[in-house]
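>
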């Protein structure tokens, strides 16, 4: 798994630590704070006194829904110690902060399950794209994924008068914001390869912990979907809550 953590160095600069836990590589670089929105971080650290800078605070808050933002003091970090973190130390920091954030996201979903399901079910008949975009975003946060793709079947109007329907695949991907587009032969083959999984409302089709690769499959209102994600961890609690959520959407 590859991921990035950030540390606000000052009002103008951000330290980004890039880690690859498969190859055990670990590098740091300094970028402009204005580039924060362009980076797919898993964690962002700041120092308490930086909250006195309203502009900087606003910049950080704009990213709060995408990844956890924590005070560096909570983990006894400084910008120097952050840059010097070895790969095993960095993994420990990531596990702790991202794990707590993902846990809170799952608890929140459980607490708000009925409202969320009702909202998505209202979207289903009229705007399936919006339905799956919101599902993509929720799964991304509840899995703590640094990369996630969602593939589903849809119908496309064809013919001279657009009086016929053709089955197509739609893929949604993106770093932070869902970006749907019509799939091609690859997405069609993926749906064919996992077709036996679609008889269930939800299943963990594949999970390779050492690579952080997860494939979820299922069916919502008899419409199959496939999720491919790169994640840091996948717990029984996550599995149970996501399974409950998907099952509730089909009732």
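Numbering (the numbering used here), first residue to last: 1 to 251. Every residue, glycine too, gets a C-beta built ideally from N, C-alpha and C.
1) Counting only runs that start and end within the stretch 55–128, where is the beta strand (DSSP E) found for 3 or more residues in a row?
2) Relative to the C-alpha of residue 146, which candidate in 79, 92 and 174 has its C-alpha closest?
3) Inspect the beta-carbon positions of residue 72 and residue 45 and report whether they are closer than 8 angstroms.
4) Grouping DSSP H, G and I as helix and E and B as strand, with all else coil, what is residue 235?
5) In chain order, what are the residue ranges of uninterrupted beta strand (DSSP E) at least 3 long that sit wholly in the stretch 157–189?
6) Could you give the C-beta distance for residue 198 and residue 219, rounded to a whole number, given that I count them as a contact under 8 angstroms?
7) Would you call the stretch 116–127 in contact with the stretch 47–54, where contact means no fewer than 3 C-beta pairs closer than 8 angstroms?
8) Between residue 236 and residue 153, what straight-line distance do the alpha-carbon atoms span, to the nearest angstrom?
9) I'd like the list of long-range same chain contacts for residue 206, defined as Cβ closer than 8 angstroms, with 5 residues on each side in sequence excluded.
10) Do residue 142 and residue 87 have their beta-carbon atoms positioned less than 8 angstroms apart in this structure?
11) Along the beta strand (DSSP E) that carries residue 43, what are the first and last residues, could you check?
Taking the structure as given:
1) Listed in chain order, they are 69–71.
2) Taking the first residue of the chain shown as 1, we reach residue 146 at position 146. Out of 79, 92 and 174, 174 has the C-alpha closest to the C-alpha of residue 146.
3) What you label residue 72 is simply residue 72 of the chain shown in a count that begins at 1. What you label residue 45 is simply residue 45 of the chain shown in a count that begins at 1. Here residue 72 is near residue 45, since their CB atoms are less than 8 angstroms apart.
4) In the chain shown, residue 235 corresponds to position 235, counting from 1. Of the three classes helix, strand and coil, the one that applies to residue 235 here is coil, per DSSP.
5) Within the stretch 157–189, the complete beta strand (DSSP E) runs of at least 3 residues are 164–173 and 179–182.
6) Position 198 of the chain shown holds residue 198. Position 219 of the chain shown holds residue 219. So it is a contact: roughly 5 angstroms between Cβ atoms.
7) Taking a contact to require three or more Cβ pairs closer than 8 angstroms, the stretch 116–127 and the stretch 47–54 do not qualify as touching.
8) Counting from 1 along the chain shown, the entry for residue 236 is found at position 236. Counting from 1 along the chain shown, the entry for residue 153 is found at position 153. About 28 angstroms.
9) For this step, residue 206 is matched to residue 206 along the chain shown. Cβ within range, chain order: 213, 214 and 215.
10) Here residue 87 refers to the residue found at position 87 of the chain shown. Here residue 142 refers to the residue found at position 142 of the chain shown. No, these two residues do not count as a Cβ contact at 8 angstroms.
11) Here residue 43 is taken as the residue at index 43 of the chain shown, counted from 1. 43–46 is the extent of the beta strand (DSSP E) around residue 43.
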